[in-house]
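In full-length UniProt numbering, the protein residues as written are 1 to 297.
Have a look at this one:
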């Protein structure tokens, strides 16, 4: 989601043992039970005699090069899973959807599960129009590349509904849809209000198509309600496009968070270690249900 190669600004204008982890927060329990119920309907379609093949497709949150990635955590926890990370920085839903459909058209049976994370940039890209010169340039470049955000939550829901209908017609894979984590750690400001409408849309699309749900949105909301940020943080273009990536390559993502008074992210959206852990747990829950390891109903 960084401008140029990623459009993300949180400004407004095999065989190893699974590491022990603390139990997931109770807010995920209802979602886990619903996922387990759905998973039982589909369990005959996933062979447990081989590794579960999982495509994780999304934007920079999934790619994980800006901040800390959640997909590598899933790979460490479950070395028997075959995880393909298809995150691309900066893409809104339609761009992610085009890539997903091309993959499924080319190899319909390549994956047992598709995890789809999308929507951050549909909310973020329009804010670039009210930013400074370089934000406006980044938005123009993204549009020239065909990365057009959807206008509002209703358009987002319609496009997501159409995407999942087409994807399910192409592939026997099971689908997991991911709700959006925070866009700014102050839940009362900025894009977090519209984000709730987008998350509601994701939940409705998942329910309509029998998809499982990874409740990253609920996990982040609960964590930030318990421990609100000390101050509002707003990224500059230079930080998002250049300096944050430099520090993250040096393993300094968590140091950035501490300097900025942030709990789960380095800039309000891209994840730090704690945020990546929370996001990964949310995605892990429906995958465990599909693998027959979910919470009993």
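Every residue, glycine too, gets a C-beta built ideally from N, C-alpha and C.
Quick check on the burial criterion: 16 or more other C-beta atoms within 10 angstroms. Buried or exposed for residue 256?
buried
Cβ-based neighbour list, residue 186, same chain, cut-off 6 Å, excluding 5 preceding and 5 following:
229 and 232
Buried or exposed for residue 133, please, with buried defined as at least 16 other CB atoms from any protein chain shown within 10 angstroms of its CB.
exposed
Under the rule that 16 or more other beta-carbon atoms within 10 Å means buried, what is residue 221, buried or exposed?
The residue in question, residue 221, is buried, as its Cβ has 16 or more Cβ neighbours within 10 Å.
For the putative contact between residue 164 and residue 205, defined by C-beta atoms under 8 Å, what is the C-beta separation to the nearest angstrom?
6 Å
Using the Cβ count rule (16 or more neighbours within 10 Å means buried), how would you classify residue 112?
buried
Find out if the Cβ-Cβ distance for the pair residue 286, residue 176 is shorter than 8 Å.
yes
Buried or exposed for residue 80, please, with buried defined as at least 16 other CB atoms from any protein chain shown within 10 angstroms of its CB.
Per the 10 Å Cβ criterion, exposed.
Residue 147 vs residue 215 beta-carbon contact at 8 Å:
no
Suppose you measure from the CA of residue 69 to the CA of residue 194; what does that come to, to the nearest Å?
25 Å
For the region 224 to 264, which segments carrying the alpha helix (DSSP H) assignment without a break, of at least 4 residues, lie completely within its bounds, in sequence order?
244 to 249 and 253 to 260
From which residue to which residue does the beta strand (DSSP E) around residue 53 run?
Looking at the DSSP string, the run of the beta strand (DSSP E) that includes residue 53 is 53 to 58.
Please classify residue 85: does DSSP put it in a helix, a strand, or coil?
Strand, per DSSP.
Residue 260 versus residue 266 - alpha carbon distance
8 Å
Mapping the DSSP letters down to three states, classify residue 174 as helix, strand or coil.
strand
Look up residue 215 in the DSSP assignment and give the residues it is bridged to.
DSSP output for residue 215 lists no bridge partner at all.
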